[in-house]
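183 is the number of the first residue of the sequence shown in my numbering; add one for each residue after it.
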Amino acid sequence: MSPVRPGNGWRYLFRGVMVGDGHRPAGTPLLAAQDEAGVPPGVWKGRGLAALGLTAGDAVTERQAELLLGEGRHPDADRIERRLLAQGKSPAQARRVTVLGRPIEHNRSPKTDKAKERTPWLAFDLTFRPPPTAHLAWALMDDEHRQVLELCDDAARDKTLAWMEESVAEIRSKAGGKQRARVKDGLIVAVFRHYESRAVDSRPLLHAHAVVSVRARRPHDGKWGNLSADSLMAHIVAADTLYTLYFMEEVPARLGWAWEPREVTPGRRPVMEIAGIDQRLIGWQSTRRQQIEDALPVLTAEYEERQGHAPGERAAYALACQAADQTRSPKRKELRSLSQLRAAWRDSASRAYGADVVAGLAERARAAAAAIWARVRPVVDVALAAVNVAAVVYVMRGAFNRHHLLAEARRHLSYVLRGRPHQPGLDEQIVQTAIDAYTGPVGRGRMMTADLRALYPRDTEDQAVLRPLTRNRSATPYQRARLAAGALSARVHAVRLADRLNSRTRSALSPCRPPRARGGRPARTWNR
183 MSPVRPGNGW RYLFRGVMVG DGHRPAGTPL LAAQDEAGVP PGVWKGRGLA ALGLTAGDAV
243 TERQAELLLG EGRHPDADRI ERRLLAQGKS PAQARRVTVL GRPIEHNRSP KTDKAKERTP
303 WLAFDLTFRP PPTAHLAWAL MDDEHRQVLE LCDDAARDKT LAWMEESVAE IRSKAGGKQR
363 ARVKDGLIVA VFRHYESRAV DSRPLLHAHA VVSVRARRPH DGKWGNLSAD SLMAHIVAAD
423 TLYTLYFMEE VPARLGWAWE PREVTPGRRP VMEIAGIDQR LIGWQSTRRQ QIEDALPVLT
483 AEYEERQGHA PGERAAYALA CQAADQTRSP KRKELRSLSQ LRAAWRDSAS RAYGADVVAG
543 LAERARAAAA AIWARVRPVV DVALAAVNVA AVVYVMRGAF NRHHLLAEAR RHLSYVLRGR
603 PHQPGLDEQI VQTAIDAYTG PVGRGRMMTA DLRALYPRDT EDQAVLRPLT RNRSATPYQR
663 ARLAAGALSA RVHAVRLADR LNSRTRSALS PCRPPRARGG RPARTWNR
């Protein structure tokens with residue numbers, strides 16, 4: 183997620199994002215630049231479109247994007263202004279009617295000393311990207327598989343945006359935007375699909391930029407205002423994990439493939455990949471990742487020298503962003519169509535690893551999926567999931583919020599189900615179980631932490647096992663979190679086994695026999 187602001191941010195959107203992250207020469211019309219770059223036109227999404235007279239799925243014109251995303255005005259402002267001028271309104275009055283909410287010029291007014299120090303946000307640029315092996319299957323397989331994977335991406339992205347509309351998006355009101363409320367209609371989003379990475383040698387990278395306008399209507403009076411950036415930024419990781427979960431479910435439903443975890447960096451979270459994809463192709467595709475990984479050890483060593491310890495999760499993410507910025511290559515000026523790109527990718531992969539490796543991708547994916555479905559049960563134990571989620575988030579963060587638990591619950595579902603569909607609301611159920619059983623408040627805010635009496639019971643030896651693990655600096659935070667979650671899960675299994683054994687013992691010693699039904703079978707009872 184990155185903001186779109188007036189000036190450079192707005193120009194970056196129009197000259198890069200809207201034309202496939204390429205280079206758009208000055209004066210080139212948008213449709214001509216998109217056609218030359220080989221990317222489809224952007225499309226409108228979101229339930230908030232109806233308030234502006236737009237329809238979901240319509241193409242994003244250059245003038246609409248300029249007015250709404252560049253100036254915060256109605257996308258049909260030109261027609262509205264002409265009508266008002268014909269009615270005798272002044273140019274200033276006609277323009278003010280087309281402004282949605284507060285004009286961006288307000289921040290440059292001398293009457294607003296505090297506001298003029300800030301640069302207003304016009305939109306939020308959300309980047310949706312499937313797991314790496316999905317890029318490979320999309321780039322190297324036939325057109326039928328390519329189109330199906332694009333449908334999977336569309337469905338997962340639209341479901342994630344719908345969740346953000348319903349559960350995350352808030353609009354500000356009152357002085358300083360202190361009062362927050364749900365938006366009246368929904369979000370207004372312009373989606374632009376891209377096909378390749380920024381690497382100099384161009385590697386497949388199916389992704390989409392969803393540019394969300396900050397303008398939305400308030401629920402109580404229907405007036406236009408600005409979305410709260412705080413709420414969107416706080417839930418961005420939960421949205422990311424939800425998109426991945428939905429994409430992983432769409433692929434098996436449409437293609438019958440399965441997913442498996444792969445450790446990219448030792449001690450860090452594994453990523454979920456399509457089972458059966460040749461691991462050598464992942465290295466061929468991830469040239470950009472390799473550039474970042476080459477620069478990351480130097481930055482990590484400098485951090486350890488300054489701080490005296492290994493970086494945690496937040497610091498490691500910041501270092502990865504720094505490495506990405508340092509190794510970022512300039513935008514390409516040579517643009518090619520998707521068919522040209524796919525032909526070049528297939529030729530490059532075939533020359534590197536053999537034509538049979540590329541040609542047999544779909545068959546090997548189906549064979550690997552059959553083996554996974556034979557051994558993986560599509561069952562989620564809510565109690566164990568809550569233990570895992572609470573332990574991992576506590577060890578990695580200490581104090582946390584509900585959206586941290588929600589993101590981890592969705593990661594857990596991705597790992598357990600391997601692409602099988604999850605029951606709607608199951609992620610929220612896991613989070614609520616974790617909060618009720620294993621957390622306690624921190625201070626007067628919304629932050630929580632683990633209830634140590636629940637996680638480290640005094641009547642077991644778990645305290646001696648878990649406390650050193652969660653404080654061992656020689657292991658990465660994720661390693662410590664997984665060790666703690668494993669120990670606690672083993673304890674839950676032991677307690678359940680003991681309960682079952684005690685129950686059987688009581689049944690064997692009981693002098694009362696259950697009532698008999700016809701045929702000599704025990705009758706069913708409901709209050710055992």
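C-beta: ideal position from N, C-alpha, C; glycine also. Since the structure is predicted, the reported quantities are computational estimates derived from the model, not experimental observations.
Report yes if the CB atom of residue i is closer than 9 angstroms to the CB atom of residue j, and no otherwise.
{"i": "P603", "j": "E431", "result": "yes"}
{"i": "P434", "j": "W441", "result": "yes"}
{"i": "T631", "j": "T615", "result": "no"}
{"i": "A502", "j": "L478", "result": "yes"}
{"i": "L387", "j": "R375", "result": "no"}
{"i": "V350", "j": "R399", "result": "no"}
{"i": "I459", "j": "R546", "result": "yes"}
{"i": "E455", "j": "R462", "result": "no"}
{"i": "L308", "j": "G228", "result": "no"}
{"i": "P312", "j": "T426", "result": "yes"}
{"i": "E352", "j": "R339", "result": "no"}
{"i": "V613", "j": "A581", "result": "no"}
{"i": "D335", "j": "F429", "result": "yes"}
{"i": "F306", "j": "V393", "result": "yes"}
{"i": "R354", "j": "Y660", "result": "no"}
{"i": "L318", "j": "L543", "result": "yes"}
{"i": "V677", "j": "L566", "result": "no"}
{"i": "R436", "j": "L333", "result": "yes"}
{"i": "A492", "j": "T658", "result": "yes"}
{"i": "G239", "j": "W226", "result": "yes"}
{"i": "Q489", "j": "A483", "result": "no"}
{"i": "S384", "j": "R518", "result": "yes"}
Taking all protein chains shown into account, do 16 or more other C-beta atoms lie within 10 angstroms of the C-beta of residue i, making it buried, or fewer, making it exposed?
{"i": "Q269", "result": "exposed"}
{"i": "H422", "result": "The sequence given here has Asp at residue 422, not His. With 16 or more Cβ atoms within 10 Å of its Cβ, D422 is classed as buried."}
{"i": "L249", "result": "buried"}
{"i": "M346", "result": "buried"}
{"i": "W320", "result": "buried"}
{"i": "G726", "result": "It is not possible to answer for residue 726, since the shown part of the chain is limited to 183 through 710."}
{"i": "D403", "result": "exposed"}
{"i": "V480", "result": "exposed"}
{"i": "P314", "result": "buried"}
{"i": "R405", "result": "Position check: residue 405 holds Lys in this sequence, whereas Arg was assumed. Its Cβ having fewer than 16 others within 10 Å, K405 is exposed."}
{"i": "S685", "result": "exposed"}
{"i": "S379", "result": "buried"}
{"i": "A373", "result": "Looking at the sequence itself, residue 373 is Val, so the reference to Ala does not match. The residue is buried, with at least 16 neighbouring Cβ atoms inside 10 Å."}
{"i": "L414", "result": "buried"}
{"i": "G224", "result": "buried"}
{"i": "L331", "result": "buried"}
{"i": "L213", "result": "exposed"}
{"i": "Q216", "result": "buried"}
{"i": "Y499", "result": "exposed"}
{"i": "L679", "result": "exposed"}
{"i": "A534", "result": "exposed"}
{"i": "R664", "result": "buried"}
{"i": "R278", "result": "exposed"}
{"i": "A553", "result": "exposed"}
{"i": "R736", "result": "Nothing about residue 736 can be read from this structure; the chain reaches only from 183 to 710."}
{"i": "R662", "result": "buried"}
If residue i sits next to residue j, beta carbons under 8 angstroms apart, how far is it from one beta carbon to the other, in whole angstroms?
{"i": "A230", "j": "G407", "result": "Looking at the sequence itself, residue 230 is Gly, so the reference to Ala does not match. About 12 angstroms separates the two Cβ atoms, so there is no contact after all."}
{"i": "H391", "j": "V199", "result": "5 angstroms"}
{"i": "G438", "j": "A556", "result": "About 13 angstroms; that fails the 8 angstroms criterion."}
{"i": "M221", "j": "G202", "result": "What sits at residue 221 in the sequence shown is Val, not Met. Yes, they are in contact, since the Cβ atoms of V221 and G202 sit about 4 angstroms apart, within 8 angstroms."}
{"i": "V446", "j": "W303", "result": "Not quite, the Cβ-Cβ distance comes to about 33 angstroms (not below 8 angstroms), so this is no contact."}
{"i": "A276", "j": "E263", "result": "4 angstroms"}
{"i": "S410", "j": "I370", "result": "In fact, because the Cβ distance is near 15 angstroms, the residues do not count as touching under 8 angstroms."}
{"i": "R593", "j": "L322", "result": "At roughly 28 angstroms, the Cβ-Cβ gap does not stay under 8 angstroms, so R593 and L322 are not in contact."}
{"i": "R255", "j": "L282", "result": "6 angstroms"}
{"i": "V419", "j": "A589", "result": "5 angstroms"}
{"i": "A531", "j": "V540", "result": "5 angstroms"}
{"i": "Y377", "j": "L520", "result": "6 angstroms"}
{"i": "R579", "j": "H586", "result": "6 angstroms"}
{"i": "P188", "j": "I286", "result": "6 angstroms"}
Quick one: does residue i have its CB under 9 angstroms from some CB of chain B?
{"i": "R265", "result": "Any reference to chain B falls outside this structure, which holds one protein chain only."}
- Taking only runs of the beta strand (DSSP E) that begin and end inside the segment 309-396, which ones reach a length of at least 3 residues, in chain order? 352-355, 361-364, 371-378, 386-395
- Item | the segment 558-565 / the segment 594-610 touching (three or more Cβ pairs under 8 angstroms) | They touch, by the three-pair rule.
- Item | Segment contact, 8 angstroms Cβ cut-off, at least three pairs: the segment 518-525 with the segment 564-571 | no
- Within the segment 515-560, ranges of the alpha helix (DSSP H) (whole runs, at least 4 residues): 520-535, 537-541, 543-557
- Query: Which runs of the alpha helix (DSSP H) spanning at least 4 residues fall entirely within the segment 206-268, listed in chain order?
  - Reply: 212-219, 244-253, 259-268
- Message: Quick check on the DSSP output: what are the complete beta strand (DSSP E) runs of length 3 or more inside the segment 571-632, in order along the chain?
- Response: 621-623, 630-632
- Message: Threshold first: 3 residues or longer. Then list the beta strand (DSSP E) segments lying entirely within the segment 393-465, N to C.
- Response: Listed in chain order, they are 397-399, 406-408, 441-444, 453-456.
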